[in-house]
Structure formats: C-alpha cells, structure tokens
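The structure appears right after this line, and notes come after that.
Chains as they are written, first to last, in the numbering used here: chain W, 338 to 622; chain U, -2 to 248.
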C-alpha cells in the first residue's frame, strides 16, 4: 500500500469533521429531546392539540406547530413551484442569452439576502398589505409567511431545475423537432419528462428550505399556537416556536426538553426530504 | 422533370461570417437514394439540415437560394416548419432515442401529429417491423429505449421517423457510431425503404455510398464538385478532385 502523506490525513480529518458535526447534532438533539417522553407519550406529544408549556400543569401537544409548518410549507410550494419551474424553463429554453445574464445574478442575490431582511420586509410592508386586502385583524398570517417563504425557496428550485433541464442533450430536442413537434410540444412532452427527476429534487430541496426557515416565520407568521383552519390566520411553526421559547425555558426543564424534541422531529423531517431527494436523483425515477 | 422531388437552386449558407455552402444546385429524384459524400467539414450535414430546416435552430445562420419540395418553396415566408418536418423525416448521426419506453418513442410522433389513439399500437408494430426491429423488441415494448444496443437504437430512430409517414428521409451518417453488423442491417433497411421513400444519406464512407445509392454528390469545401449517377461517379468521375477523393488521395 502507498504510504499516505501527513497532508492527506489532515484533509481526511477535515472531511470527517463534517460527519462528526452531523452526528454530534443528532445525538445532542435526541439526548436532550427524549426525556420529554418520560412525561408525555410520543403519541400525545405529536398529536396533542394544546401547546401550553408555561401553564401549570403544562401541556405539550405540538400538533398545531406541525400543522403550521406543513401549511406554510405547502403554501410556499404553491407559490414557488409554478414560478420556479416556469422560470427555469423560460431561462433554459426561451430566454435570450442576454436576459439570462440579467436574471441569473439577480436570483443569486435573492438567495443571499439574509432571512431577517425578508422578515423585516414582510412585517413592515407585506403584512399590512395582506391585512388591508383581506380586511383581517392582523396581516401576520400563514399566507404572508407562505408567500415570503415561497420567494425564498425560488432560487433553490430554479437553479436545480435549470441545471437538470440544461443537462438534457440537445440531440433529444432535435429528435423532437425533427418529428414535427413545435417548441411548446417539445418542452411539455420531451424536456420536462426527461428532466423530471431533477425537477422533483428541486421541489423537495425547496421544501426543505421552506420548512426549516426560522427567522422569517418567527417575524411574520403571527405566532398563535392553535390548529390552523385557514391561510388567513396567525400560526406558529415548529422553527419559530423553538427560536421564540428557547431563551425563556430554564435549562433541563420539561419545556427545554420539549423544544429539543421538536427540533429532533424537524431534523428527522428534513433528513427525510434530503434522503428522498438523493434517492430520486440517483434512481432517476 | 416529373420525377424530381426536391429542387435545390443556388443554395448558400453562412454561419455568422463563415460561408459553409456555396451555390449548391441539385435535383433529387423521387424514391431514390442519394448519397452525399465528402471529407469532414465539407458541409454535408449542414446541407442535409437545410432540407428540413433544422439549421433554423442554430443561431446566426443565414441562407439564400431556393429549395423546393413538391413544388413548395420551403424557405418562403409562411412555411409551416413543423409540417415540413413531418414530411421530411430525419435520422441523426448518433442514435438519439427519447428517454422513454420503446413504445413511447414511436408513439411520441404519432401523438404530436394527432393520430387517433386506437391506431397507435398498430402503427408502432408496423413501423418497428419496417425498421427490422419488431422481433427483437416485441416482448419488451414498455422497457426503456436507452437499454437497447446502439444499432437497435438507430433502427428505433428510423422506425420513429417512418411512423409518421414522411415522404423524404434524411440520414446523417446513420452508421457512423455502429459496428459492422449494425451497419449492414441499416444498409439493408435503406435498400428496402427506397421503394417508398426518397432518401438522402450523408456518409463519409465511400464504399457505403457506392453500395446503397442511386445518385451520389461529392461535396468539397461547401461546393458540389460533382453530382450524378453513382456508377458513373465511381467508375468514370468527370472531375479530377472526385477521382482523387475516391481513390483515397485525400479525405
């Protein structure tokens, strides 16, 4: 066997470090989260509909938080998927190279805006607008959060979908045109199906981005821990709950463990999304 | 000429500033095989792609002159390009099946051309038979076309082209990526197809041109150096350049 140089070991340990970090995070989440299940059963924790961690006796039902996260994520997808896939198709198939040169950096900029700025924009400009349009008591609603999260997920969805559409060989396009297909028929019936695994991956990673976003939802989702019945209602997603309450829960208390358990569940959800995305990418379903 | 299917008159083509075809004139007879040969880069493929307006997809292309197919000028304003391409099918240099099932590869063109649903299975079978592929794939029509061998994929592409009943089939070096066995199958197929179709084959393989074609054009640096009966071109070429090319002095 070839003798390894010290530098190789150094680089190997750099690479291993990220794996160690991942495990350390996972272990600490479960170590601090699991104790809550000595007091509340996992079923009651997940399906309980009352989140009153500071009451006496406290209630730890996170269903409203899970539903809020799901509602906002679905809402964000409704916004981001058509816009994102549409833009990706436009940029790869239709746009003049010069227009593409403008859109690309703008998208990168959109991706690099800190989420607190999105939240700020949402709070000050967008929420009052929603409040006025729908004539509701507050503009801080699931809808407001969905739209902003949708915009935030756009760059992820567009860039991954665009990569997968660009990677379709031009010979496939030519084959379609040579059979008398129009540009539109070629896009709908050849290009999108050929790129579907990449497009699905894009959607799932966009979903991951939306469900894990914290600062924006903390600022604009409204923060009411009740089971959401409509998009026009303030809600409190899992991430916002953790961020808002971590500071006020004494270390080692039940509340503290409950927040960790929420984090562990969130971790499992996003892990699931990522595994699914990888699976689709490799299997080319 | 009653039997002429395609008239090509003073065809010039530029990609940007580079002129690729120079004053090409050619008349192509109905239900014959015409081979276009010449050294690489002489404009063979570009010429072929003029006939179904595939060059339209390339940026910066400029074309002058006239191409008439069945008395219709195909570069005239108002020409419906998809309709033209249905009539003038194409088989490419590298097999390019869609990443779909074998069946859907052929059904694709039929669906686009609004062939009624219940006729599709029959046409798929007929086309695969015509392309001498049916017996090899009839038990796995719904498997991916990407799993076929290169030669099978190319025959699938031919089946796909003939399924929509074109009148002209353009073939751009259809055997260049195939092994000899695959090549002979395609050549046999061309022999059979010329009974029904007008076929134009680009090739840089002279023996192939001699074997399969009725007429041969020799293209050099974008010009037609010689065009005529295949026998005559290979036995008594009129041009010195043709003779040199055929005898292997360059190319």
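Backbone N, C-alpha and C fix where the C-beta goes; we use that ideal spot for every residue, glycine too.
| Asked | Found |
| --- | --- |
| Would you kindly work out how many angstroms separate the C-alpha atoms of residue 249 of chain U and residue 54 of chain U, rounded to a whole number? | Residue 249 of chain U lies beyond the residue range present for chain U, which begins at -2 and ends at 248; the question has no answer from this structure. |
| Kindly indicate which residue of U:24, U:14, U:13, U:32 has the alpha-carbon position closest to the one of residue 210 of chain U. | U:32 |
| Identify whether residue 304 of chain U lies in helix, strand or coil by the three-state DSSP scheme. | Outside the modelled stretch of chain U, which goes from -2 to 248, sits residue 304 of chain U, for which no answer is possible. |
| Hey, residue 407 of chain W and residue 564 of chain W: beta-carbon distance below 8 Å or not? | no |
| Does residue 508 of chain W get closer than 8 Å to chain U when you measure Cβ to Cβ? | yes |
| Could you pull out every residue in the same chain whose Cβ sits closer than 8 Å to the Cβ of residue -2 of chain U, ignoring the five residues on either side in sequence? | In this predicted model, residue -2 of chain U has a pLDDT of only 47, less than 50, meaning its place in the structure is not dependable enough to derive any value. |
| Can you list, in chain order, the residues of its chain whose CB lies under 7 Å from that of residue 622 of chain W, leaving out five sequence neighbours each side? | Note on residue 622 of chain W: pLDDT 44, under 50, position unreliable in the model; no value is reported. |
| Any idea what DSSP makes of residue 377 of chain W, helix, strand or coil? | coil |
| Just how far apart, CA to CA, sit residue 551 of chain W and residue 580 of chain W? | 7 Å |
| Listed in chain order, which residues of the stretch 519 to 530 of chain W have Cβ atoms closer than 8 Å to some Cβ of chain U? | 519, 522, 526, 527, 530 |
| Please tell me whether residue 511 of chain W has its Cβ less than 8 Å away from any Cβ of chain U. | yes |
| Do the CB positions of residue 82 of chain U and residue 516 of chain W come within less than 8 Å of each other? | yes |
| Hey, how far is the Cα of residue 122 of chain U from the Cα of residue 497 of chain W? | 39 Å |
| Of all Cβ atoms in chain U, is any one closer than 8 Å to the Cβ of residue 622 of chain W? | Its pLDDT being 44, under 50, residue 622 of chain W is placed unreliably in this model, and the value from its coordinates should be taken loosely. Not an interface residue. |
| Alpha carbon to alpha carbon, what distance is there between residue 30 of chain U and residue 225 of chain U? | 12 Å |
| Does the contact criterion of 3 or more C-beta pairs under 8 Å hold for the stretch 161 to 174 of chain U versus the stretch 77 to 97 of chain U? | yes |
| Cβ closer than 7 Å: which chain W residues qualify as neighbours of residue 234 of chain U? | The contacting residues do not exist; residue 234 of chain U stays about 33 Å from chain W at best. |
| Which runs of the alpha helix (DSSP H) fall wholly inside the stretch 38 to 99 of chain U and span at least 4 residues, in chain order? | 41 to 47, 78 to 84 |
| Cβ closer than 8 Å: which chain U residues qualify as neighbours of residue 515 of chain W? | 49, 51, 82, 86, 87, 89, 158 |
| Could you say if the stretch -1 to 19 of chain U and the stretch 57 to 71 of chain U meet the contact criterion of at least three C-beta pairs nearer than 8 Å? | yes |
| So the candidates are W:556, W:472, W:597; which of them puts its Cα closest to the Cα of residue 364 of chain W? | W:597 |
| Under a three-way DSSP split, which group does residue 31 of chain U fall into? | strand |
| For residue 471 of chain W, which residues from the same chain have a beta carbon less than 6 Å from its beta carbon, with the 5 sequence-adjacent residues on both sides left out? | 569 |
| Could you check the C-alpha separation between residue 188 of chain U and residue 494 of chain W for me, to the nearest Å? | 50 Å |
| Are residue 107 of chain U and residue 117 of chain U close, meaning C-beta to C-beta below 8 Å? | yes |
| How about the stretch 137 to 156 of chain U and the stretch 89 to 100 of chain U: do they share at least three Cβ pairs that are nearer than 8 Å? | yes |
| Taking Cβ to Cβ, would you say residue 522 of chain W is nearer than 8 Å to residue 89 of chain U? | no |
| DSSP three-state call for residue 341 of chain W: helix, strand or coil? | coil |
| Helix, strand or coil: how does DSSP classify residue 279 of chain U here? | Because chain U is modelled from -2 through 248, residue 279 of chain U falls outside the range shown and cannot be assessed. |
| Using C-beta distances below 6 Å, list every residue in its chain close to residue 134 of chain U, excluding the 5 sequence neighbours before and after it, in chain order. | 99 |
| Which residues mark the beginning and the end of the alpha helix (DSSP H) in which residue 417 of chain W is found? | 400 to 426 |
| Count the other C-beta atoms from every protein chain shown that fall within 10 angstroms of the C-beta of residue 571 of chain W, then say buried if there are 16 or more, exposed otherwise. | buried |
| Taking buried to mean at least 16 other C-beta atoms within 10 Å of its own C-beta, is residue 609 of chain W buried or exposed? | exposed |
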